[in-house]
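Below is one structure, written out as structure tokens; the observations come after it.
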Amino acid sequence: MKKKLLFVINTLSRAGAEAALIELLGKIDGGKYEIYLYVITGQGELRDRIPGHVKLLNPTFSTQSVLTEKGRGVLMKKVCLSFVRNGRLAYKFCYAARIFAGMVKRRRIQTDKLFWRVLSDGADRFQLTFDLAVAWIEGGSVYYVADYVKARKKAALIHIDYENAGYTREMDQGCFEKYENIFAVSEETKRHFLRFYPEYAAKVDVFDNIVNQDLIRLRALEKGGFSDGYEGFRILSAGRLTWQKGFDIAIEAMKLLKKKKYRIRWYVLGEGEKKKALRKKIKELELEKDFLLLGQTENPYPYYMQADLYVHATRYEGKSIAVQEAQTLGCAVIASDCSGNRELIADGADGILCGLAPREIAEKIEELYLDEEKRKVLGKEAKKKEITCGRQLKLFQELLE
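Add 16 to a position in the sequence shown, counting from 1, and you land on the number used in our numbering.
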């Protein structure tokens, strides 16, 4: 009989962890395994990219991105429904109230982490027993697989710097005790997780992102990209418009560059909860024509090919697939010197690391703006990086055995 595999993820929005899961699902032999997928939010624009041999367990599904305003409205309806589904309304409310009080005390409100447990408790339940259940990302999927999935073996993946991401032991409620294996997407991500949970050292390993470089290079040749006719220097960034991604700092860096009257325009691909706040900041600094929020795009790769420089100045990372995509396409990359970015860039050889401050970011941009030859060398070296998935597939096979 075929072994039954279940993958659980929070959303199927256009982001790194989601793209990596789609790539892995495409590499698992549907002739040997019954493969199931469950999405905690029942939402995401990558629905049509699920391989045909994978069975989606969600009875209903919305292709609205959770990162857009309309998509967040759909999500909040799901959150409200989750409070009453499967009972325990009082428990869910008290849990959310305790977590919210802790966030207020730390002065850092994170609505996603506030409701992951509620969404997990209110999610669908299935009678199937799986040979392996994989919680593909921290948060809701980890809670759900730990508490509500019947499986002979359970594994969890951590895609973020757990120390800085805002998770707490009270949120997690001992969920990782129920996993035989825990994987982090980079060595630094592993170190941060083990500082948070040192008791799990014996069962934590590294499982790198799966990135399809051939597909990225092919899609970069398709029609698309910039359409504004701008002939100056183009900077590109891609990512969710959240506090983590540091676009508020990038805007201030752009203001410093504008004061020097450089012919530079900065473009951002992505959606998120901070969009209104970022637009307000852009307007206050009079950068409406200089710092452009382009929203999401189905194919971002022509933009990478047409940009002069890729900047990824984030507060923290797990291991950035956006940076790996930029490197694949030969972009010169500037990234903040933080966990997740350091493993991808040899500073000064195939990219540049910088401090996360407007002046430091602006100075590094200025350096490469004025030195075209250095940009070419960095891009050429970055493009040489080959991303293989042999080790990941071997690890996955070992899990099944």
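Every residue gets a Cβ at the ideal spot worked out from N, C-alpha and C, and that includes glycine.
(Q) Any contact between the region 113-124 and the region 84-104? By contact I mean 3 or more CB pairs, one from each, below 8 Å. (A) In the pairwise beta carbon analysis, the region 113-124 is classified as not touching the region 84-104: fewer than three pairs are separated by under 8 Å.
Q: Starting from the N-terminal side, write out each stretch of the alpha helix (DSSP H) that is 4 residues or longer and does not extend beyond the region 18-89.
A: Taken in chain order, the complete alpha helix (DSSP H) segments of 4 or more residues contained in the region 18-89 are 32-43.
**Q.** tyrosine 49 versus Ser336, His175, Gly311, Met17, residue with shortest Cα-Cα distance
**A.** Numbered from its first residue, the sequence shown carries residue 49 at position 33. Minimum Cα distance to tyrosine 49 is reached at Met17.
**Q.** valine 150 - containing beta strand (DSSP E), residue span
**A.** If you number the sequence shown from 1, residue 150 lands on position 134. For valine 150, the enclosing beta strand (DSSP E) stretches over residues 148-151.
Q | Three-state class that DSSP yields for serine 336 in the structure shown | A | As a first step, residue 336 is located in the sequence shown; it is residue number 320 there, counting from the start. If DSSP states are grouped into helix, strand and coil, serine 336 belongs with coil.
Q.
As a quick exercise: from Ile368, Glu196, Lys271, pick the residue whose alpha carbon is nearest that of lysine 380.
A. For this step, residue 380 is matched to residue 364 along the sequence shown. With distances taken between Cα atoms, lysine 380 lies closest to Ile368.
Q) If you draw a straight line from the alpha carbon of glycine 60 to that of glutamate 382, how long is it in whole angstroms? A) Walking along the sequence shown from the start, residue 60 turns up at place 44. Walking along the sequence shown from the start, residue 382 turns up at place 366. Rounded to whole angstroms, glycine 60 and glutamate 382 show a C-alpha spacing of 38 Å.
Q: Provide the residue span of the alpha helix (DSSP H) that contains phenylalanine 109, from first to last.
A: Residue numbering aside, residue 109 sits at position 93 when the sequence shown is read from its first letter. If you look at phenylalanine 109, you'll find it in the alpha helix (DSSP H) that goes 105-122.
**Q.** Supposed close pair glutamate 304, leucine 257 - CB separation, criterion 8 Å
**A.** Here residue 304 corresponds to residue number 288 of the sequence shown, with the count starting at 1. Here residue 257 corresponds to residue number 241 of the sequence shown, with the count starting at 1. Contact between glutamate 304 and leucine 257 fails: their C-beta atoms lie close to 17 Å from each other, not under 8 Å.
Q.
Assuming leucine 273 and alanine 378 are in contact, meaning their beta carbons sit under 8 Å apart, how far apart are those beta carbons, in whole angstroms?
A. Taking the first residue of the sequence shown as position 1, residue 273 is located at position 257. Taking the first residue of the sequence shown as position 1, residue 378 is located at position 362. Confirmed, Cβ separation roughly 5 Å.
(Q) Which of the three DSSP states is assigned to aspartate 221 in this structure? (A) Position 205 of the sequence shown, counted from the start, is the residue given in the question as residue 221. Secondary structure at aspartate 221: strand, using DSSP grouped into helix, strand and coil.
Q) In angstroms, rounded to a whole number, what distance separates the CA positions of isoleucine 56 and leucine 135? A) Taking the sequence shown and counting its residues from 1, the one referred to as residue 56 is at position 40. Taking the sequence shown and counting its residues from 1, the one referred to as residue 135 is at position 119. Going from the Cα of isoleucine 56 to the Cα of leucine 135 covers about 7 Å.
**Q.** Paired residues, beta bridge with threonine 145 - DSSP
**A.** Taking the sequence shown and counting its residues from 1, one reaches residue 145 at position 129. In the DSSP assignment, the residues bridged to threonine 145 are Lys166.
Q: Would you kindly work out how many angstroms separate the C-alpha atoms of leucine 384 and leucine 234, rounded to a whole number?
A: Stepping through the sequence shown from its first residue, residue 384 is reached at position 368. Stepping through the sequence shown from its first residue, residue 234 is reached at position 218. If you take the alpha carbons of leucine 384 and leucine 234, they lie about 27 Å apart.
(Q) Given this structure, state the Cα-to-Cα distance separating tyrosine 107 from arginine 185, to the nearest angstrom. (A) In the sequence shown, the residue the question calls residue 107 occupies position 91. In the sequence shown, the residue the question calls residue 185 occupies position 169. Spanning the alpha carbons of tyrosine 107 and arginine 185 requires a straight line of approximately 17 Å.
Q. Ordered along the chain, which non-local residues of its own chain (more than five positions away) have a Cβ less than 7 Å from that of isoleucine 153?
A. The sequence position of residue 153 within the sequence shown is 137, counting from 1. In its chain, beyond the 5 residues on either side, Ile25, Asn26, Ala33, Leu173, His175 have a beta carbon closer than 7 Å to the beta carbon of isoleucine 153.
Q: Express the C-alpha separation of alanine 139 and valine 10 in angstroms, rounding to a whole number.
A: For the chain, the structure presents residues 17 to 417; residue 10 sits outside this window and is missing.
Q | Selected residue, minimal CA-CA separation from tyrosine 216, among Ile232, Val227, Gly190 | A | Within the sequence shown, numbered from 1, the residue matching residue 216 stands at position 200. Ranking the options by Cα distance to tyrosine 216, first place goes to Gly190.
Q | Length of the line joining the Cα atoms of glutamine 80 and aspartate 188 | A | Position 64 of the sequence shown, counting from 1, holds the residue named residue 80. Position 172 of the sequence shown, counting from 1, holds the residue named residue 188. Distance between the alpha carbons of glutamine 80 and aspartate 188 is about 28 Å.
Q. Among the residues of its own chain, which have a CB less than 8 Å from the CB of alanine 329, if the five just before and after it don't count?
A. Start at 1 with the first residue of the sequence shown, and residue 329 comes out as number 313. Sequence-distant partners of alanine 329 (beyond 5 residues in either direction) whose C-beta falls short of 8 Å from its own C-beta, in its chain, are Ser253, Gly262, Ile265, Ala266, Ala269, Ile350, Ala351, Ser352, Cys370, Leu372, Ile377.
**Q.** Which of helix, strand or coil DSSP assigns to aspartate 366
**A.** Residue mapping note: residue 366 aligns to position 350 of the sequence shown, counting from 1. Aspartate 366 carries a coil assignment under DSSP once its states are collapsed to helix, strand and coil.
Q: Identify, in the order they occur along the chain, each residue of the same chain with its Cβ nearer than 6 Å to the Cβ of leucine 41, setting aside the five sequence neighbours on each side.
A: Translated into positions along the sequence shown, residue 41 becomes position 25. Closer than 6 Å at the Cβ level, and outside the excluded window around leucine 41, lie Pro67, Val70.
**Q.** Uninterrupted alpha helix (DSSP H) stretches inside the region 203-279 (no shorter than 4 residues)
**A.** Segments of the alpha helix (DSSP H) lying fully in the region 203-279: 203-212, 229-235, 263-275.
Q: Please say whether tyrosine 278 and leucine 308 have beta carbons closer to each other than 7 Å?
A: Position 292 of the sequence shown holds residue 308. Position 262 of the sequence shown holds residue 278. For leucine 308 and tyrosine 278, no; Cβs fall outside 7 Å.
Q: Give a yes or no on contact between the region 391-406 and the region 239-246, applying the rule of three or more CB pairs nearer than 8 Å.
A: Contact fails: fewer than three Cβ-Cβ distances are below 8 Å.
Q) When the cut-off is 7 Å and only beta carbons count, does isoleucine 337 lie next to chain B? A) Of the protein chains in the structure, only one exists, and it is not chain B.
Q. To which residues of the same chain is tyrosine 213 closer than 7 Å at the C-beta, ignoring the five residues directly before and after it?
A. As a working mapping, residue 213 is identified with position 197 in the sequence shown. Closer than 7 Å at the Cβ level, and outside the excluded window around tyrosine 213, lie Phe192.
Q.
Starting from alanine 351, trace the beta strand (DSSP E) in both directions and tell me its first and last residue.
A. Locating residue 351 in the sequence shown gives position 335, where the first residue counts as 1. Where alanine 351 is concerned, the enclosing beta strand (DSSP E) stretches over 349-352.
(Q) My parser needs the alpha helix (DSSP H) runs of 4 or more residues fully inside the region 357-406; what are they? (A) Restricting attention to alpha helix (DSSP H) runs no shorter than 4 residues, the region 357-406 encloses them at 374-386, 388-399, ordered along the chain.
Q | N- and C-terminal bounds of the beta strand (DSSP E) containing valine 327 | A | Stepping through the sequence shown from its first residue, residue 327 is reached at position 311. Run containing valine 327: 325-328, per the beta strand (DSSP E) assignment.
Q) Buried or exposed: where does phenylalanine 109 fall if 16 or more other Cβ atoms within 10 Å of its Cβ makes it buried? A) Here residue 109 corresponds to residue number 93 of the sequence shown, with the count starting at 1. Label assigned to phenylalanine 109: exposed.
Q | With 16 other Cβ atoms within 10 Å as the buried cut-off, status of alanine 31 | A | In the sequence shown, counting from the first residue as 1, residue 31 sits at position 15. Counting Cβ neighbours within 10 Å, alanine 31 comes out buried, since at least 16 surround it.
Q | Alpha-carbon spacing of aspartate 177 relative to alanine 236, whole angstroms | A | The count along the sequence shown starts at 1 and reaches residue 177 at position 161. The count along the sequence shown starts at 1 and reaches residue 236 at position 220. Cα to Cα, aspartate 177 sits roughly 30 Å from alanine 236.
Q) Hey, alanine 171 and phenylalanine 146 are a contact pair by Cβ (cut 8 Å); roughly how many whole angstroms apart? A) Taking the sequence shown and counting its residues from 1, one reaches residue 171 at position 155. Taking the sequence shown and counting its residues from 1, one reaches residue 146 at position 130. So it is not a contact: roughly 11 Å between Cβ atoms.
Q) Does the separation of the CB atoms of alanine 348 and glycine 255 fall below 7 Å? A) On the sequence shown, position 332 is the one that residue 348 refers to. On the sequence shown, position 239 is the one that residue 255 refers to. Taking 7 Å as the cut-off, the Cβ atoms of alanine 348 and glycine 255 do not count as close.
Q) My guess is that glutamate 179 and arginine 211 are in contact by the Cβ rule of under 8 Å, so how many angstroms apart are they, rounded? A) Within the sequence shown, numbered from 1, the residue matching residue 179 stands at position 163. Within the sequence shown, numbered from 1, the residue matching residue 211 stands at position 195. In this structure glutamate 179 touches arginine 211 by the C-beta definition: roughly 6 Å separates them, less than 8 Å.
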